[in-house]
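Asker: Provided herewith is a single structure, encoded as structure tokens, for subsequent inquiry.
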DNA sequence: AACACGTGGTGAAGCGCTTAAGTTTGCCAT
DNA sequence: ATGGCAAACTTAAGCGCTTCACCACGTGTT
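Residue numbers (the working numbering), protein chains in the order written: chain A, 1 to 396; chain B, 1 to 396.
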């Protein structure tokens, strides 16, 4: 009740700040009031400039009044809780619809019921992110599930991993999210420990072995690697290259290990290269590998972008795909159909992968003890970039 | 003070729900309490299962206590407002740091000061989004600016536009965002009207002519089209095709109109095709155009994805690029360097575009009357997919 | 008639923060 | 010594919602 302001507006006089009261500047000011002086303090410009916005949002109090019940009853009614009759519930819901009420998330969050928001931090350089199809498809899959439940996705894209932990912490302590995704899982990932410690519901996208006690979704890369290796072995390849992502990522390790194991088993020599997934890295890797007189007869790339680059490099070097060198991509996207020949790829449904992750996270938020969940195993789609080994071909 | 619960735990007896009190099911229950009966109501399972999480977040009350001042003073101190001495301010800030305090956004939002979050709704099919480099680069640019100010980005990806308005409305009434981006601006876009009406700060990404009174960032597509047209005219092209995006998008209209105008001026016949930006559409468009005996001698695509597809189609049809047909992409991404020949493109710095949008939105949220802001004009980067017209070439 | 018990409510506290309003103290000029 | 004035606080209300605690009343049972 700003009674002082009202009375001042009428009776303000004899002051150095006549009639300017509501627009006082920063700092404290002295004002006379009906003859004697009063002192008022701290009217910052911001406080004054912030005016109520045009249409006032309806609150449950408005609904309560119009429906002739208490605010508590409205809350019970709208949240589908017991405590009101079905008749009252229907009336309340109808009134809410009429006045166009939507819940004020901030207020709900304050009472501790959750903010209907989940978070995800993506750490990749902008140049890679823009081109790599994985994340956008993954996010699209996530949204599909979230939208149903009216959850929102808070996204942070950053070029470096240094602030990641910070971000999670801030989101948690600011109650901005109910749960988070952990993508690009690393070995001994500090995020796993921190999130567990914070008690913030989280879903790890990656191998459960490295997810600690957090629930996880994963795709069985090892099996897929074996499938690829067997296929290549059957085609007579005895020397292949595996151009993978950054070494510190768990799935890089899993795939590399599986390649080593399957190679040993199947009599294939595997050359291992680590990259940052970028187009440039793919180009460089392919160029280096193919320039070698003892070049591998097949190249397997850990994303499709690099594989596409490799097709390009091979052609530049006068090599035919697949006659001279076989190329296999990981993660199928429309890009793979754009090369000639189209790229064979280890394909998986990335959107479905994202959807699974989202479902698991929602379950974790709801308090269910969710375990790990295997998404479909990537399977080989052969489009013609694989052929029998031709060891003599390159650069002879 | 849940005294009842405490005493019940000790004295509960003679009830049908002995010792199960904290785990009562839904609905109301009757319970005896110290001999006489009492009635309790509405203990839902959810309410009971939600237990306080492990580490309690420190609040300003904690800081106030440790710093020996009131909570109000702490608020003034932490927000850099007048009302506390510099000495006290420093002490408070130090204590806050020590206890690891971070603001509770929900609480701040409730008082009306803003939630440090902006929103963006992206309406594209998952299949397109995954591959199209524009959005991820744009978002990366946005984040760069937001991160500095500790703002977060709320993202919604949906395949259809039908719920877009709804989403903005919900975000607004739930106080989930301080402002929003409007991308994929359409002619007579209902979002512009609605956002203006709501008074929700917004930045339109698109031509200011269609942005109403909202601030906007735009790239001068018309000028860029003229540049492209002049270049093609100089190469002797007299019949070109413009394969654009969906007809209802403003920038599609702008580019089409500019192509018509420049074509008339420069003596070029322009064939106009509308697509959904997808790879498939690009393939179909290229195939249709090139199969025509009177095919255009140059194809201009409104994104790079379709242009890449076109190079592929041309090769399949036995046409050489650029000798038989010139191809020009819009929005340069690494994809353009993956074809052979590499694609010439109308290039612009998409990340910088996003960053501008973010800066403008932050200004609008801060209450500054922001106008429109032109981002850099796309400019032609010639990589060799353009050559003098060869009208006789196709399918002769 | 007396009690047991369920239904369908109401009232109010409290989540963490901001800020209008008020108070205390001390300095300085008259 | 007193009034004017400013600095540096404190107090308390209130943002919108959820939920605990409590209760009146009606019905069924003994």
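Heads up, the beta-carbon is just placed ideally off N, CA and C, and yes, glycines get one too.
(1) Taking residue 84 of chain B as part of the beta strand (DSSP E), name the residues at either end of that continuous run.
(2) Under 8 Å: do the region 114 to 134 of chain B and the region 158 to 167 of chain B share three or more Cβ pairs, one atom per stretch?
(3) Under 7 Å, CB to CB, which of the residues in the region 283 to 316 of chain B have a partner in chain A?
(4) Buried or exposed: where does residue 117 of chain B fall if 16 or more other Cβ atoms within 10 Å of its Cβ makes it buried?
(5) Round the Cβ separation of residue 224 of chain B and residue 377 of chain B to the nearest angstrom and send it over; I've been treating them as touching at under 8 Å.
(6) Hey, how far is the Cα of residue 317 of chain B from the Cα of residue 338 of chain A?
(7) Leaving aside the five residues before and after residue 361 of chain A along the sequence, list all residues of the same chain whose C-beta is less than 7 Å from its C-beta, in chain order.
(8) Do you know how far the Cα of residue 260 of chain A is from the Cα of residue 272 of chain A?
(9) Can you name, in chain order, every residue of its own chain whose Cβ lies under 6 Å from the Cβ of residue 286 of chain A, other than the five neighbours on each side?
(10) Tell me where the alpha helix (DSSP H) around residue 231 of chain B begins and ends.
(11) Label residue 103 of chain B either buried or exposed according to how many other C-beta atoms from any shown protein chain fall within 10 Å of its C-beta, with 16 as the threshold for buried.
(12) Straight-line CA distance for residue 146 of chain A to residue 153 of chain A?
(13) Hey, residue 131 of chain B and residue 305 of chain B are a contact pair by Cβ (cut 8 Å); roughly how many whole angstroms apart?
(14) Below 8 Å CB to CB, which residues in the same chain sit around residue 379 of chain A once its five sequence neighbours on both sides are set aside?
(15) Do residue 126 of chain A and residue 140 of chain B have their C-beta atoms closer together than 8 Å?
(16) Restricting to runs no shorter than 4 residues, where is the alpha helix (DSSP H) found entirely within the region 121 to 179 of chain A?
(17) Following the continuous alpha helix (DSSP H) through residue 306 of chain A, name the residue where it begins and the one where it ends.
(18) Between the Cα of residue 245 of chain B and those of B/298, B/60, B/184, spot the shortest distance and give me the residue it belongs to.
(19) What does the alpha-carbon distance come out to for the pair residue 300 of chain B and residue 241 of chain B?
(20) Indicate whether residue 133 of chain B and residue 372 of chain B have their beta-carbon atoms separated by less than 8 Å.
(21) State the Cα-Cα distance for the pair residue 90 of chain B and residue 74 of chain B, rounded to the nearest angstrom.
(22) Using a Cβ cut-off of 7 Å, pull out every chain B residue sitting near residue 57 of chain A, in sequence order please.
(23) Any idea what DSSP makes of residue 119 of chain B, helix, strand or coil?
(24) Assuming residue 176 of chain A and residue 105 of chain B are in contact, meaning their beta carbons sit under 8 Å apart, how far apart are those beta carbons, in whole angstroms?
(25) Using CA coordinates, which residue listed in A/64, A/170, A/221, A/86 is at the minimum distance from residue 98 of chain A?
(26) Using Cβ-Cβ distances below 9 Å, what residues of the region 86 to 103 of chain A are close to chain B?
(27) When you compare the CB positions of residue 187 of chain B and residue 248 of chain B, do they come within less than 8 Å of one another, or not?
(28) What residue range does the alpha helix (DSSP H) around residue 268 of chain B cover?
(29) Apart from the five residues just before and just after residue 298 of chain A, which ones in its own chain have a Cβ nearer than 6 Å to its Cβ?
(30) Roughly how many angstroms lie between the CA atoms of residue 386 of chain A and residue 322 of chain A, to the nearest whole one?
(31) What number of angstroms, rounded off, separates the C-alpha of residue 113 of chain B from the C-alpha of residue 276 of chain A?
(32) So, helix, strand or coil for residue 195 of chain B, using DSSP?
(33) Residue 350 of chain B and residue 324 of chain B look like a contact to me (Cβ under 8 Å); what is the Cβ gap, rounded to whole Å?
(34) Are the C-beta of residue 259 of chain B and some C-beta of chain A separated by less than 8 Å?
(35) Going by beta carbon distance, what residues of the same chain come within less than 6 Å of residue 138 of chain A, once the five residues before and after it are set aside?
(36) Since I believe residue 383 of chain B is in contact with residue 341 of chain B (beta carbons under 8 Å), could you give me their beta-carbon distance rounded to a whole number of angstroms?
Answerer: The relevant details are as follows:
(1) Note, residue 84 of chain B: premise wrong, no beta strand (DSSP E); not H, not E.
(2) yes
(3) 308, 309, 312, 315
(4) buried
(5) About 6 Å; that satisfies the 8 Å criterion.
(6) 14 Å
(7) Once the five neighbours on either side are set aside, the close Cβ partners of residue 361 of chain A are 118, 179, 181, 201, 203.
(8) The straight-line gap from Cα to Cα measures roughly 9 Å.
(9) The beta carbon of residue 286 of chain A is closer than 6 Å to those of 310, 313 in its chain, skipping five residues each way along the sequence.
(10) 221 to 234
(11) It counts as buried.
(12) In a straight line, the C-alpha of residue 146 of chain A is about 8 Å away from that of residue 153 of chain A.
(13) Rounded, the Cβ-Cβ distance is 6 Å, consistent with contact.
(14) 224, 227, 346, 347, 348
(15) yes
(16) 126 to 131, 133 to 148, 164 to 173
(17) 304 to 316
(18) B/184
(19) 6 Å
(20) no
(21) 10 Å
(22) 173
(23) strand
(24) 5 Å
(25) A/64
(26) 100, 101, 102, 103
(27) Cβ atoms of residue 187 of chain B and residue 248 of chain B: closer than 8 Å.
(28) Where residue 268 of chain B is concerned, there is no enclosing alpha helix (DSSP H), given that its DSSP letter is neither H nor E.
(29) 232, 237, 240, 326
(30) 5 Å
(31) 41 Å
(32) helix
(33) Wrong, their Cβ atoms sit about 31 Å apart, outside the cutoff.
(34) no
(35) 350, 354
(36) 7 Å
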